[in-house]
Amino acid sequence: MWRGSLRLLLLLAAAVTAAAEPGSTLMGPSRPVTVALREDRGHAVDLPDTDPRVQRRANGWAPEQIAVALSAAPTSAWVSWITGEFQMGGTVKPLDPGTVGSVVRYGLAADSLVRVATGDALVYSQLYPFEGLQNYTSGIIHHVRLQGLEPGTKYYYQCGDPALPGAMSAVHAFRTMPAVGPRSYPGRIAVVGDLGLTYNTTSTVDHMVSNRPDLVVLVGDVSYANLYLTNGTGADCYSCAFGKSTPIHETYQPRWDYWGRYMEAVTSGTPMMVVEGNHEIEEQIGKKTFEAYRSRFAFPSAESGSFSPFYYSFDAGGIHFIMLAAYDDYSRSGEQYRWLEKDLSKVDRSVTPWLVAGWHAPWYTTYKAHYREVECMRVSMEELLYSHGLDIAFTGHVHAYERSNRVFNYTLDPCGAVHISVGDGGNREKMATTHADEPGHCPDPRPKPNAFIGGFCGFNFTSGPAAGRYCWDRQPDYSAYRESSFGHGILEVKNETHALWRWHRNQDMYGSAGDEIYIVREPERCLHKHKHNSTRPAHGR
1 MWRGSLRLLL LLAAAVTAAA EPGSTLMGPS RPVTVALRED RGHAVDLPDT DPRVQRRANG
61 WAPEQIAVAL SAAPTSAWVS WITGEFQMGG TVKPLDPGTV GSVVRYGLAA DSLVRVATGD
121 ALVYSQLYPF EGLQNYTSGI IHHVRLQGLE PGTKYYYQCG DPALPGAMSA VHAFRTMPAV
181 GPRSYPGRIA VVGDLGLTYN TTSTVDHMVS NRPDLVVLVG DVSYANLYLT NGTGADCYSC
241 AFGKSTPIHE TYQPRWDYWG RYMEAVTSGT PMMVVEGNHE IEEQIGKKTF EAYRSRFAFP
301 SAESGSFSPF YYSFDAGGIH FIMLAAYDDY SRSGEQYRWL EKDLSKVDRS VTPWLVAGWH
361 APWYTTYKAH YREVECMRVS MEELLYSHGL DIAFTGHVHA YERSNRVFNY TLDPCGAVHI
421 SVGDGGNREK MATTHADEPG HCPDPRPKPN AFIGGFCGFN FTSGPAAGRY CWDRQPDYSA
481 YRESSFGHGI LEVKNETHAL WRWHRNQDMY GSAGDEIYIV REPERCLHKH KHNSTRPAHG
541 R
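Using full-length UniProt numbering, read the sequence shown as starting at 1 and increasing by one per residue.
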């Protein structure tokens, strides 16, 4: 009797374990899943400026908003911070960046910061040439590059100006990425988009931190400062509330400072890589754009040969990351495309087997919001990335979660990339809840003209696998899983061929996954399709 009960328990335990095991792309395309809207997904209400987590705690010239970013290789990293206070008003006088030094002391122990690096400082302004609007000028922003680091090593550091009293930070620590190579990978990479600074943001960040990531990738739409007027009045939808009453799309730049202060607990110890989204455009006097984005973050632009803050690349162990710009020229005659060709040509898949890309607006989304909004970008770049064996593409923009099956040109393809949209980070704008395949929701199938390019991309809508089908009566086959809940994702690359992807809902218990799958590379199977790898089998996908 006892033995029979034990055998039954063991069989039940085995069944539960088997059921809990994540699926795999080796099994072929997943059956499309849509999770019904849940009422407990949270409320996107912004943190007020009275919240202690966003208020200035630094005194004098003490550093704040401290952040670490990666360089192109694991032997280098960036440390950034801000000193001094921002100014708001009709007339603002920028601080002198030379007032405070840009120094980082660092070493292998908290009490032995024996190495020193210096860098550059800058101040940016957001100016509006209209009566009644408030102008902004930032504190002094510092960027210092640390070089000669050992991969996979914990470094302690202080930043600031040691020549001034009270102008150095407390001691922080971060770990460099593993050495570049096919058997060396970060433990966990957090991927999040459209983060903002809401109470949902705090839930997303809390859940993300509980997963102890080694790297954070933020695929655009950071502070949502452009949902505010310059007087600090905000709305969920700027165009709905203010579009007809303001001479220019205003922003409230202190939201950037609030965001940097709130995120410092994460960014001072975990490297974070950012790419621009549409909410970073922020037009001002002289039609300047992206000033906050390009000033506040450090990018490995020079190190990766792009010399642009909008697109760049870096290595993290055996992963080659490419960050692309959905809001810069992505035409095949443009600088970004030429850089991408050159960068991809240098990738050695025997050294970095995984090729992962990130940009803001998704190519494959079945939500009505932003449906095929950057079709021109896909038409321009997808074939090039496919020919080099892109494994995973991370995007945001759509305020919901969606994962695709392997896809190329709207067709299921075992050698295509898995596209994952994580624009559900916590943003204030309305969450996407309607799908392009719902009856009565037929978006204009034409790609929208991009303000930075002009005109349409000339895509042929009379032929091809998706011709004439812009509203389905069912979820399309390339969409594997979609859900309108806030959350973040964790990528764990296990080896040269297997990576585990987990998406975590905010409303679930810490550590539980709402969607998970093993993404498996099949280099031999896809060798004939990826022409740029065809001469060197070891470098295939």
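For glycine and all other residues, C-beta sits at the position ideal for the given N, C-alpha and C.
Since the model is a prediction, treat every value here as computed from it, not as a measurement.
Note the first and the last residue of the continuous alpha helix (DSSP H) segment covering residue i.
{"i": "residue 260", "result": "254-267"}
{"i": "residue 381", "result": "375-387"}
{"i": "residue 80", "result": "Residue 80 -> not in any alpha helix (DSSP H); beta strand (DSSP E) instead, spanning 77-83."}
{"i": "residue 294", "result": "291-296"}
Between which two residues does the beta strand (DSSP E) harbouring residue i extend?
{"i": "residue 118", "result": "115-118"}
{"i": "residue 128", "result": "Segment: none, residue 128 is in no beta strand (DSSP E) and carries neither H nor E."}
{"i": "residue 354", "result": "354-358"}
{"i": "residue 207", "result": "Careful: residue 207 lies outside any beta strand (DSSP E), inside the alpha helix (DSSP H) at 199-210."}
{"i": "residue 410", "result": "Per DSSP, residue 410 belongs to no beta strand (DSSP E) and is neither H nor E."}
{"i": "residue 159", "result": "154-160"}
{"i": "residue 67", "result": "64-70"}
{"i": "residue 313", "result": "312-316"}
{"i": "residue 393", "result": "392-395"}
{"i": "residue 321", "result": "319-323"}
{"i": "residue 136", "result": "135-137"}
{"i": "residue 361", "result": "It is not in any beta strand (DSSP E) - residue 361 carries neither H nor E in the DSSP assignment."}
{"i": "residue 241", "result": "It is not in any beta strand (DSSP E) - residue 241 instead sits in the alpha helix (DSSP H) that spans 238-242."}
Any idea if residue i is buried or exposed, counting beta-carbon neighbours within 10 angstroms, 16 or more meaning buried?
{"i": "residue 230", "result": "buried"}
{"i": "residue 278", "result": "buried"}
{"i": "residue 535", "result": "In this predicted model, residue 535 has a pLDDT of only 37, less than 50, meaning its place in the structure is not dependable; the value taken from the coordinates is given anyway. It counts as exposed."}
{"i": "residue 116", "result": "exposed"}
{"i": "residue 27", "result": "exposed"}
{"i": "residue 147", "result": "exposed"}
{"i": "residue 530", "result": "buried"}
{"i": "residue 111", "result": "exposed"}
{"i": "residue 495", "result": "exposed"}
{"i": "residue 282", "result": "buried"}
{"i": "residue 253", "result": "buried"}
{"i": "residue 71", "result": "buried"}
{"i": "residue 44", "result": "buried"}
{"i": "residue 526", "result": "buried"}
{"i": "residue 48", "result": "exposed"}
{"i": "residue 394", "result": "buried"}
{"i": "residue 450", "result": "Bear in mind that the predicted position of residue 450 carries a pLDDT of just 44, short of 50, making it unreliable; the figure below should be weighed with that in mind. Classification of residue 450: buried, given that the 10 Å Cβ count is 16 or more."}
{"i": "residue 21", "result": "exposed"}
{"i": "residue 298", "result": "buried"}
{"i": "residue 183", "result": "exposed"}
{"i": "residue 64", "result": "buried"}
{"i": "residue 524", "result": "exposed"}
{"i": "residue 170", "result": "exposed"}
{"i": "residue 375", "result": "buried"}
{"i": "residue 463", "result": "Its pLDDT being 31, under 50, residue 463 is placed unreliably in this model, and the coordinates cannot settle the point."}
{"i": "residue 176", "result": "buried"}
{"i": "residue 221", "result": "buried"}
What I want to know is whether the C-beta of residue i ends up closer than 6 Å to one or more non-hydrogen atoms of the ligand COA.
{"i": "residue 79", "result": "No copy of the ligand COA appears in this structure; indeed no ligand is present at all."}
Taking the DSSP output, what are the residues bridged to residue i?
{"i": "residue 501", "result": "491, 517"}
{"i": "residue 403", "result": "420, 481"}
{"i": "residue 339", "result": "Its beta-bridge partners do not exist; DSSP assigns none."}
{"i": "residue 231", "result": "Partner(s): none; residue 231 has no beta bridge."}
{"i": "residue 112", "result": "109"}
{"i": "residue 173", "result": "156"}
{"i": "residue 87", "result": "137"}
{"i": "residue 189", "result": "215, 491"}
{"i": "residue 24", "result": "518"}
Could you round the C-beta distance between residue i and residue j to whole angstroms and report it? I think they count as a contact, below 8 Å.
{"i": "residue 506", "j": "residue 204", "result": "6 Å"}
{"i": "residue 397", "j": "residue 361", "result": "4 Å"}
{"i": "residue 400", "j": "residue 484", "result": "4 Å"}
{"i": "residue 388", "j": "residue 352", "result": "Rounded, the Cβ-Cβ distance is 12 Å, inconsistent with contact."}
{"i": "residue 487", "j": "residue 194", "result": "About 11 Å separates the two Cβ atoms, so there is no contact after all."}
{"i": "residue 366", "j": "residue 482", "result": "6 Å"}
{"i": "residue 490", "j": "residue 502", "result": "5 Å"}
Quick one: is residue i near chain D, going by C-beta distance under 7 Å?
{"i": "residue 81", "result": "No chain D appears in the structure shown, which is made up of a single protein chain."}
Quick check: the stretch 149-162 against the stretch 64-80, are there 3 or more CB pairs under 8 Å?
yes
Q) Does the stretch 43-62 come close enough to the stretch 252-272 that 3 or more CB-CB pairs lie under 8 Å? A) yes
- Task: Assess, as a yes-or-no matter, whether the stretch 246-254 is touched by the stretch 297-308 under the definition of 3 or more beta carbon pairs within less than 8 Å.
- Result: no
request  = Pair every Cβ in the stretch 503-521 with every Cβ in the stretch 328-344, then say whether three or more of these pairs are closer than 8 Å.
outcome  = no
At a cut of 8 Å, does the stretch 410-418 reach the stretch 177-192 through at least three beta carbon pairs? no
Checklist entry - Using 8 Å as the threshold, is the stretch 87-104 in touch with the stretch 121-138, meaning 3 or more CB pairs across them? => result yes
With three or more beta-carbon pairs closer than 8 Å as the criterion, would you say the stretch 404-414 touches the stretch 28-37? yes
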